[in-house]
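The sequence shown begins at 707 in this note's numbering and counts up one residue at a time.
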Amino acid sequence: MYLLLSICASTLIFVIFKVVGKRNINTLQTIVINYFTAFTYGILSYDAPIIVSDIIQSKWFFGAIGLGFLFIAIFNVMALTAQRNGLSVASVASKMSVVIPIIFGLFFYNESLGWQKALGIVLALLAVYLASYKAKTDQRFSIKTLWLPIILFLGSGTIDTSIKYIETTYLADNGIPIFSATIFFIAGVIGIGLLSAKAIQKQFTFDPKSIVSGVILGVVNYYSIYTLLKALNAENFESSTIFTVNNVAIVMLTTLIGLLLFKERLLTKNWIGIGIAVLSIILVTLS
707 MYLLLSICAS
717 TLIFVIFKVV
727 GKRNINTLQT
737 IVINYFTAFT
747 YGILSYDAPI
757 IVSDIIQSKW
767 FFGAIGLGFL
777 FIAIFNVMAL
787 TAQRNGLSVA
797 SVASKMSVVI
807 PIIFGLFFYN
817 ESLGWQKALG
827 IVLALLAVYL
837 ASYKAKTDQR
847 FSIKTLWLPI
857 ILFLGSGTID
867 TSIKYIETTY
877 LADNGIPIFS
887 ATIFFIAGVI
897 GIGLLSAKAI
907 QKQFTFDPKS
917 IVSGVILGVV
927 NYYSIYTLLK
937 ALNAENFESS
947 TIFTVNNVAI
957 VMLTTLIGLL
967 LFKERLLTKN
977 WIGIGIAVLS
987 IILVTLS
């Protein structure tokens, strides 16, 4: 049940971004409200006294600041990718980023690299290109069609790698909620700074609809992480199985929703890319 909820919540993030774009709701305002909503949920989930000075002096605090910058930057990129390139492209680019923490683990944690894992990494990179390809009627292929998925791929991988490193190196067992809440809060504060800069430049117009979309996104964003962690705690399933089913299901579900609800058209290369994405996820996570 937790795995099913995690798949649905993660897929909903991409769908919400797509709807926000189609209804011309302000994306940045939605993202800022989303982070303060997720921050609130993180605080409510923490069962120990909250002492600000202890948080600032903790070893993971500066890492949380860096992740706060990355969170809001990559969430913006994710939104733009879903709106400009399609749900399937955004989903594949973010889910294929799993190869980055794997490469990091090879060098930092001295993990082994077998042929199966190496093949999965290569296929993942190929899948990002094929799934992101868009036909051009009057011009040749341009790197402009790929820069958003590439940034999403690298940024998502960097976030996953950083979280894994900080969690295994500095976090206590009960520190995940307050650590997550700190990241969400910093990302929200940075977002407020961006909105303030737009206001100073007289480029800011408050969008009331962003409150609703931001709160919904924040709840979904928080529970996409919470339910995945709960699924990983299940005694009857290995984490490799959970990650494989989770990632493959999200890629396929976002593609299906893109086709059925948003009438996205996929080229043959896109379908091949999605198929390779599924294969590469299986190879990498089960190696």
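Ideal Cβ positions, reconstructed from N, Cα and C, are used throughout, including at glycine.
Fair warning: this is a prediction, and the values are worked out from it, not measured in the lab.
Query, Result
"Compare the Cα-Cα distances from residue 716 to each of 928, 854, 921, 828 and report the closest residue.", "928"
"For the region 735-761, list the alpha helix (DSSP H) runs that are entirely contained and at least 4 residues long, ordered along the chain.", "none"
"Please report the straight-line C-alpha distance between residue 994 and residue 783, rounded to a whole angstrom.", "This structure cannot settle anything about residue 994, because the visible part of the chain is limited to 707 through 993."
"On the three-pair Cβ rule with 8 Å, is the region 763-781 touching the region 872-889?", "yes"
"When you compare each of 917, 933, 973 to residue 738 by their alpha carbons, which one comes out closest?", "917"
"Please state whether DSSP places residue 845 in a helix, a strand or coil.", "Any reading at residue 845 must be qualified, since the residue scores a pLDDT of 42, below 50, and its modelled position is unreliable; the value itself is stated next. The answer is coil: DSSP assigns residue 845 none of H, G, I, E or B."
"DSSP three-state call for residue 731: helix, strand or coil?", "coil"
"My guess is that residue 957 and residue 828 are in contact by the Cβ rule of under 8 Å, so how many angstroms apart are they, rounded?", "The pair is not a contact, with the Cβ atoms about 18 Å apart (cut-off 8 Å)."
"Which residues in the same chain have their Cβ closer than 7 Å to the Cβ of residue 959, if we skip the five residues on either side of it in sequence?", "713, 717"
"Could you give the DSSP three-state label for residue 914: helix, strand or coil?", "coil"
"What residues in its chain sit with their C-beta under 7 Å from that of residue 786, if we drop five residues either side in the sequence?", "854"
"Assuming contact is defined by CB atoms lying nearer than 7 Å, are residue 979 and residue 833 in contact in what I supplied?", "yes"
"Could you give the DSSP three-state label for residue 791: helix, strand or coil?", "coil"
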